[in-house]
Amino acid sequence: MQVEMSRRRFLQGGVAMSVVGGTTFSATNLFASHEESHGSVPTTITTKTSTGEAKEVPILCGMCVNKCAAFARVEDGVITKLNPNPYFPKSRNMLCPRGNAGIQTTYDPDRLKYPMIRIGKRGDGKYKRVTWDEAYDAIVNGTDKFKGLKQILDEEKDNRATVGYANGEGLSKEGFEVLIGQKMGTPNYVDEVSICLETAGGGFFSTIGTYPEIDFEHADYQIIAGANRAEAIITPDTMDMFKYTKGRGLKTICIDPRFTNTAAKSDKWLPINPGTDLAFVLALTWVVFKENLQNEKFMEKHGVGYEEYKQHILSHKYTPEWAEPICGIKAKEIYTIAREFMDAESPIYYPGRRSVFSPNDYQLRRAMAIFQALSGNMDKKGGYIFGNRGLLPAEYVKQPIYENTKERFDTEGIAFPTLKSGSWIVFRNMVLEGKNPYPVRAMLMRKHNPMMSVPNTTKTRAFLEKMDLNVVIDILPTDTAMLADVILPEASYLERMSPVKSYGFLEPSVVMRKAAIEPLFETKTPEVIFKELGEKLSKPLFEVSKKHDVALQELIKEKGEKVAFEEGGYNLAEPFEKPIEERNEEVITEVFGKKAWETINEKGVYYPHMEEYHKQLSPNDFQYYPKNKRKYTSRGDSLKIVCKNDSLTSGGIDAMPTWDDAWKFSVPKGEFRLITGRHAQFTQSGTQNNMMLRDLIPTNFVWINQREADKMGIKFGEKVEIKSDIGAIVLKAYPTEKIAPNQIFLLHGFGSESNGMEFAYGNGGNDATIIKDDIEPMYGASVMHSTNCKIRKV
Amino acid sequence: MARYGMALDYKNCINCKACEVACKEENGVELGAEKHRIWVGGNNPDGQWPLLDIASAAFMPSQCQHCEDAPCQEVCPTNATYYDENHVVRVDSDKCILCSYCMNACPYDARYVDDRTMTVDKCTFCSDTRLARGETTTACQNTCPTKVRTFGDLDDPNSEISELLRTRDHFSLKAHLGTNPKLFYLT
Ligand code: SF4
Ligand code: SF4
Ligand code: SF4
């Protein structure tokens, strides 16, 4: 075998570049001064671990959504290393590159360090450092530059829905939802779901009742389509899957337009035309029915509308020959894969969570789930696992009723709008187009960067500029923070304890993140911010309700103001009154007893019988639950496979997955379809200023087919402009045969325009400025792969 | 006293580079894309889209091979490069004069210059960090998501690595050079 052994980095769209060395704790602007820290900040970027005294604090990684468990090694108040925690079944004693580089996020010289309020024009970066009280006061009462919540809500007669809010994924997200949604009373919430995996969850849930876990240990065949587990790491799938690929038990068919690292680990890679996976699954299904390969007994027992689905597939003639020109995959291959799949003992059509790529994604998920069910390999060893539910009960919140608050309105073009988190794109666009039945005047945003995460940055900017008040709670001066009127600096994940979290499925457990160090600078933990903000908002906003809310006025008449305030739940800080340490102790002790609290406090993980079940099997392997204690089967007779769902037709959605030729893939001559995806060394825009990860991915290159690049005279590293209907960015080129001639690929999360982030600023391009804001019809989730671009060398 | 080596189940490797970052954080390795003690090698797949040769795109973690007969040690004029008591090839930075003979002699390109100390640096098997604290894994082994790496004592017949080398086929890199590497690639 020929393998490049040189230390020259293997190019994955990343090249070795000379890189900033040393420390850059410059004090050039308000965002970048490192003085007056409450804790210690190391003076070198990487700190060699010592042989002396150290604390080992259990933490949960916060660099992506997986929450891997780890121990922070703390020497003399400084975190010197993060090591994997071997007790958490889900993260299997590992930390990925981002997890290891988390130290650099906490000690990022560009951290938001103290509260700030805007003193210049929006977007010009002029802020004044203030105290926390002054910042809270600005949110409530405004300044001479912007209005506060009290005035806005008074002007809007206590219609709480005029305040919108947003929060990205994370352990404290629920707290913000409680404070702003349930307690302050606005329904207008948007988060990452409608720009991420909404249809994947929805499709699987409505078809088989869960988004399943996979038992890779006992599976022997998998189709992994449009998912890239070698690079888009999901625990425990990534760790489990690649132990068995490459002729070691799990035959793997990778379907992806791009040759990914997952393709490199597969037995077969078939590049498919973007957005046509549904045709591929329908053709697989046709082969199965035509040749009678399905587990008929299983489907007769569990299928809903099963016979009709069979007829539907056969009568539509979804043959491999039909699918071949649509998908760009040979009919012969489709026959082979369908037969191999049904022939396998424990085949898996990998559910593959990822963002929504095409408008048919909801139906694609339904078709995938049904195809899996045809094998009967569901709710059993080696198959889709439903397993246990989480181990913790839900919490109850006393929620005030605001009579004048209107419902959310972001429903245009959506069959089944989700009440909780709506659709970012539809919400934003309806406001911009004046289609909102009442004004939206403020956005409160925590740990969320819509300027880079929601397609069409021009519109997001216009939307945020329309607001009377923007508040951002975050750890870095993101592009979104630069449009804020008030900025509240949060403690990073290594500086805070977070609410306990429970996981279900095969090996359930409860995990807890402790604070490795005290919050640096003047930052505060989210739960403390929620409490203080709640305290500051309660009375002034109660006054607003008193003035406008007739029902409240009556309650006050009847019970008196004090009782109405207390019983009505108007004390917004109430859910946060107890410090998080106490709340966690209470929950754990109540459900599992005192000993469990001691365990989780020390180890970061708890599950019943942990002491007995947890064993180290070898230097690399742990047992979390013995096999006979894992719940491979939990649904039994109650399992339903909803092949036909008539309730969908009320929203104009097909009751059964059906192909529409409008989804055929085509690119005008001279243009390229833009596709997106992941590498393992970054998490969206959240890691763009991380110095360690920047060494691994210095910028987002644009992948362009080698022969196309040759034709255009584009060489590696040369700058090209990528232009869509809505915008243009300039990136460095990475010519490669790993992508089709009519497609280009680039990483999301680069190209920040915030000069508060020294390393991210102006590095690469922000794909949200060129990706069109198309939505899919089910939930209004954004479709990421529908944009065509022109390319030119600059 | 041990004879440390490492077995790499390289087919598990997904080229995530967690090992590289863990190494840098543990050992305080200088930042910079060229400054790394360990790395993952690989190639772009042979062929043209859509026909690409998967086998040609394997990922191969690499680093100092801790050769039993180390050319780097032979050429070092100041004895800065030496074998420690556990047969780990080490560099004494106090003695290193940056003549860079070792860098040229090493067939595995395992050495680089630390610009902070202006001396040569390379993998130490975490000898002065983790092993010195009594830990039994290296940072790269411990963090690896797919558990590619097994570090251990080749002289201990009961160690996991000895067991792996007894029961699994394996090869060394550039075996024909007679350097006798202590890194073993499991097939
Ligand atoms: S996958 Fe990586 S970034 Fe995500 S939680 Fe785990 S270690 Fe952290
Ligand atoms: S951590 Fe493991 S899987 Fe990742 S690159 Fe290193 S050896 Fe490969
Ligand atoms: S790999 Fe290179 S640096 Fe390491 S022992 Fe061998 S010759 Fe020396």
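Residue numbers (my numbering), protein chains in the order written: chain A, 168 to 961; chain B, 905 to 1091.
Beta carbons: idealized from backbone N, C-alpha and C, even for Gly.
Taking C-alpha atoms, which residue in the options lies nearest to residue i?
{"i": "residue 669(A)", "options": "707(A), 714(A) and 759(A)", "result": "759(A)"}
{"i": "residue 845(B)", "options": "977(B), 1030(B) and 960(B)", "result": "This structure does not reach residue 845(B), given that chain B is present from 905 up to 1091, and the question cannot be answered."}
{"i": "residue 581(A)", "options": "632(A), 574(A) and 818(A)", "result": "818(A)"}
{"i": "residue 553(A)", "options": "449(A), 588(A) and 671(A)", "result": "671(A)"}
{"i": "residue 880(A)", "options": "960(A), 651(A), 269(A) and 602(A)", "result": "960(A)"}
{"i": "residue 589(A)", "options": "334(A), 927(A), 264(A) and 921(A)", "result": "334(A)"}
{"i": "residue 612(A)", "options": "685(A), 652(A), 602(A) and 782(A)", "result": "652(A)"}
{"i": "residue 682(A)", "options": "676(A), 675(A) and 694(A)", "result": "694(A)"}
{"i": "residue 956(B)", "options": "427(A), 776(A) and 463(A)", "result": "427(A)"}
{"i": "residue 384(A)", "options": "417(A), 395(A) and 435(A)", "result": "417(A)"}
{"i": "residue 467(A)", "options": "710(A), 810(A) and 647(A)", "result": "810(A)"}
{"i": "residue 949(B)", "options": "940(B), 939(B), 928(B) and 961(B)", "result": "961(B)"}
{"i": "residue 449(A)", "options": "957(A), 663(A), 865(A) and 489(A)", "result": "489(A)"}
{"i": "residue 842(A)", "options": "342(A), 267(A), 228(A) and 424(A)", "result": "424(A)"}
{"i": "residue 1078(B)", "options": "1069(B), 1088(B), 979(B) and 1071(B)", "result": "1088(B)"}
{"i": "residue 959(B)", "options": "422(A), 413(A), 572(A) and 300(A)", "result": "413(A)"}
{"i": "residue 640(A)", "options": "952(A), 661(A) and 616(A)", "result": "616(A)"}
{"i": "residue 767(A)", "options": "220(A), 225(A) and 217(A)", "result": "225(A)"}
{"i": "residue 405(A)", "options": "923(B), 997(B), 941(B) and 1050(B)", "result": "1050(B)"}
{"i": "residue 149(A)", "options": "940(A), 251(A), 721(A) and 734(A)", "result": "Look at the range of chain A in this structure, 168 to 961, and you will see that residue 149(A) is not part of it."}
{"i": "residue 558(A)", "options": "757(A), 526(A) and 876(A)", "result": "757(A)"}
{"i": "residue 645(A)", "options": "662(A), 620(A) and 635(A)", "result": "620(A)"}
{"i": "residue 1109(B)", "options": "932(A), 908(A) and 453(A)", "result": "No answer is possible for residue 1109(B): the residues shown for chain B start at 905 and end at 1091."}
{"i": "residue 1025(B)", "options": "923(B), 964(B), 940(B) and 909(B)", "result": "940(B)"}
Roughly how far, in whole angstroms, is the beta-carbon of residue i from the beta-carbon of residue j, given that I think they are within contact range, below 8 Å?
{"i": "residue 233(A)", "j": "residue 402(A)", "result": "5 Å"}
{"i": "residue 932(B)", "j": "residue 222(A)", "result": "Their Cβ separation, rounded to whole angstroms, is 19 Å, which puts residue 932(B) and residue 222(A) out of contact at 8 Å."}
{"i": "residue 649(A)", "j": "residue 923(A)", "result": "7 Å"}
Can you pull the chain B residues whose beta carbon is under 7 Å from the beta carbon of residue i, in chain order?
{"i": "residue 263(A)", "result": "920, 922 and 1049"}
{"i": "residue 428(A)", "result": "918 and 919"}
{"i": "residue 858(A)", "result": "935"}
{"i": "residue 267(A)", "result": "922, 925, 926, 929 and 1047"}
{"i": "residue 862(A)", "result": "935, 936 and 937"}
{"i": "residue 848(A)", "result": "921"}
{"i": "residue 250(A)", "result": "1046"}
Could you tell me which chain B residues have their CB closer than 8 Å to the CB of residue i, listed as they occur along the chain?
{"i": "residue 433(A)", "result": "958"}
{"i": "residue 275(A)", "result": "Here the premise fails: no neighbours, minimum Cβ distance about 13 Å."}
{"i": "residue 904(A)", "result": "948, 949, 951, 952, 953 and 956"}
{"i": "residue 964(A)", "result": "Only positions 168 to 961 of chain A appear in the structure, and residue 964(A) is not among them; the question remains open."}
Residues of chain A with CB closer than 9 Å to the CB of residue i, please, in chain order.
{"i": "residue 1061(B)", "result": "Chain A residues near residue 1061(B): none, gap ~16 Å exceeds 9 Å."}
{"i": "residue 1028(B)", "result": "In chain order: nothing, as chain A lies at least about 11 Å away."}
{"i": "residue 1064(B)", "result": "785, 786 and 787"}
Residue i touches chain A at which residues, Cβ-Cβ below 8 Å?
{"i": "residue 978(B)", "result": "The premise fails here: residue 978(B) is roughly 21 Å from chain A at the closest Cβ pair, so nothing lies under 8 Å."}
Residue i touches chain B at which residues, Cβ-Cβ below 9 Å?
{"i": "residue 867(A)", "result": "None at all; the shortest Cβ gap to chain B is about 15 Å."}
Against residue i, what residues of chain A qualify as contacts under a CB-to-CB distance less than 7 Å, listed in chain order?
{"i": "residue 1037(B)", "result": "218"}
{"i": "residue 961(B)", "result": "431"}
What I want to know is whether the C-beta of residue i ends up closer than 7 Å to one or more non-hydrogen atoms of ligand 4.
{"i": "residue 969(B)", "result": "In the structure on display, ligand 4 does not appear, and the ligands it does have are ligand 1, ligand 2 and ligand 3."}
inquiry  = Quick check for students: name the residue ranges of the alpha helix (DSSP H) that lie wholly in the segment 763 to 828 of chain A, counting only runs of 4 or more.
reply    = Complete alpha helix (DSSP H) runs here, min 4: 777 to 780.
inquiry  = For the structure I just gave you, are there three or more beta carbon pairs, one from the segment 964 to 971 of chain B and one from the segment 1005 to 1025 of chain B, closer than 8 Å?
reply    = yes
query = Are the segment 738 to 751 of chain A and the segment 687 to 706 of chain A touching by the rule of at least three beta carbon pairs closer than 8 Å?
reply = Yes, they touch.
Ordered list of alpha helix (DSSP H) runs contained in the segment 429 to 474 of chain A, each at least 4 residues = 444 to 457 and 463 to 469
ask   = Which runs of the beta strand (DSSP E) fall wholly inside the segment 485 to 543 of chain A and span at least 3 residues, in chain order?
value = 514 to 516
task = Decide if the segment 304 to 314 of chain A is in contact with the segment 266 to 280 of chain A; the criterion is three or more beta carbon pairs, one per stretch, under 8 Å apart.
result = no
inquiry  = If contact is defined by three or more beta carbon pairs under 8 Å, each pair taking one atom from either stretch, is the segment 798 to 811 of chain A in contact with the segment 702 to 719 of chain A?
reply    = no
query = Whole beta strand (DSSP E) runs in the segment 913 to 971 of chain B with 3 or more residues, listed along the chain?
reply = 942 to 946, 950 to 952, 955 to 957 and 963 to 967
task = Determine contact between the segment 244 to 255 of chain A and the segment 606 to 620 of chain A, defined as no fewer than three beta-carbon pairs at a distance below 8 Å.
result = no
message = Pairs of beta-carbons, one from the segment 513 to 522 of chain A and one from the segment 474 to 490 of chain A, closer than 8 Å: are there three or more?
response = no
inquiry  = So within the segment 598 to 667 of chain A, which uninterrupted alpha helix (DSSP H) runs reach at least 4 residues, ignoring any that extend past its ends?
reply    = 617 to 620 and 624 to 633
inquiry  = With three or more C-beta pairs closer than 8 Å as the rule, is the segment 1025 to 1033 of chain B touching the segment 984 to 1004 of chain B?
reply    = Segments in contact, yes.
task = Would you check if there are 3 or more beta carbon pairs closer than 8 Å linking the segment 434 to 444 of chain A to the segment 780 to 790 of chain A?
result = Counting C-beta pairs with one atom in each stretch, the segment 434 to 444 of chain A and the segment 780 to 790 of chain A have fewer than three that are closer than 8 Å, which means they do not touch.
ask   = Is the segment 926 to 941 of chain B touching the segment 879 to 893 of chain A, taking contact as three or more C-beta pairs under 8 Å?
value = Taking a cut-off of 8 Å on C-beta distances, the segment 926 to 941 of chain B does not touch the segment 879 to 893 of chain A, as fewer than three cross pairs fall below it.
query = Taking three-plus beta-carbon pairs below 8 Å as touching, is the segment 596 to 607 of chain A in contact with the segment 624 to 637 of chain A?
reply = Yes, the segment 596 to 607 of chain A is in contact with the segment 624 to 637 of chain A.
ask   = Do the segment 455 to 470 of chain A and the segment 935 to 952 of chain A meet, that is, are 3 or more Cβ pairs less than 8 Å apart?
value = no
Runs of alpha helix (DSSP H) wholly within the segment 858 to 922 of chain A (minimum 4 residues, chain order) = 858 to 863 and 873 to 879
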